[in-house]
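If you read the sequences in order, they're chains A and B.
Be aware that the first sequence starts at 15, since it is given in this note's numbering, and climbs by one per residue.
Be aware that the second sequence starts at 22, since it is given in this note's numbering, and climbs by one per residue.
This report refers to the structure that appears directly beneath it.
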Amino acid sequence: MRRYETIYILRPTLSEDEVTEVIEKTNAILCTGEGQIIAIDKWGLRKLAYLIKKESNGYYVFCDHGTDPANVTEMERIFRIDDAVMKYMTVKVADTINTEGIEAARGEYEAAKVAAAAAEEEAQEEEAPKQAEKPAPKKEAPKQDEEQTDAKTEATSDENTSD
Amino acid sequence: MRPKKRVFQRKRVCRFCTDPETVLDYKEVKVLRNFVTERGKIIPRRIFGTCASHQRQVCEAIKRARHIALLPYSGNTPR
């Protein structure tokens, strides 16, 4: 077994049910034999950096899994046929992985999730008081005074010349 | 007399060697954005001063990100 990371981009026009259907199908392919899914992460709709099949948005799905290479080739064959998948990429992370390794990797993802949730909570707590203390809009200094003084100086200069 | 060419000798240290905690990953687009120009080109080593092995990792990550449309092959990349 090897450990892989796969990202595939689905068409943005798909409904939520169709998305889950595609994900379940690919998971079923990857789980044949000894294969196991380590983590599935739906990134959701994202703007693409360039057009793919005339679409400017795409539904990203990230999948971390430990499977045999044969399963990966089968998955990619299905991706090429399936119209819902616009693009995919599989990266080999580790040459060998056993069931213990998969368990450990799952634990890492769980830990990362917990850490991320904690970080978010902290960020929200920090933001809350800042929003409460919004500075009042600055009062603009009255400009009328300057104009008036200018007018006065002109008047005085006129008087001087007339004299 | 031609003016002597001034050679700027600035000691550049690879920023990844100094900070071993940074992990180069093709999924971290925000990090990779710093290593491409506004046109989407990979910034060369002679400008950034990264060491050979880390520059290779940067290139690999950027190319993977391009393949999966996280970064453009060419064109505007807003920072």
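Think of the CB as a built atom: it goes at the ideal place given N, C-alpha and C, for glycine as much as any other residue.
Under 7 Å, Cβ to Cβ, is there at least one residue of chain A near alanine 101(B)? Absent from the structure is residue 101(B), since the part of chain B shown begins at 22 and ends at 100.
Closer than 8 Å at the beta carbon, the chain A residues around proline 93(B): Ala63 and Tyr64
Contact set between arginine 85(B) and chain A, taken where Cβ atoms lie within less than 8 Å: Met103 and Val105
Taking Cβ positions only, does arginine 21(A) come closer than 7 Å to chain B? The residue you asked about is not arginine; residue 21(A) is isoleucine in the sequence shown. Chain B, which has a Cβ nearer than 7 Å to the Cβ of isoleucine 21(A), makes this yes.
Thinking just about the alpha-carbon of each residue, which of Lys68(A), Val33(A) and Thr81(A) is nearest to the one in isoleucine 52(A)? Thr81(A)
In the structure shown, what three-state DSSP assignment does aspartate 31(A) receive? helix
Using beta-carbon positions only, say whether alanine 90(B) and tyrosine 47(B) come within less than 7 Å of one another. no
How would you call threonine 27(A), buried or exposed, if buried means at least 16 neighbouring beta carbons within 10 angstroms? exposed
Mind checking who arginine 17(A) pairs with in its DSSP beta bridge? Gly80(A) and Ala108(A)
Beta strand (DSSP E) containing lysine 61(A): first to last residue? 50-66
Just how far apart, CA to CA, sit threonine 104(A) and glutamate 136(A)? 35 Å
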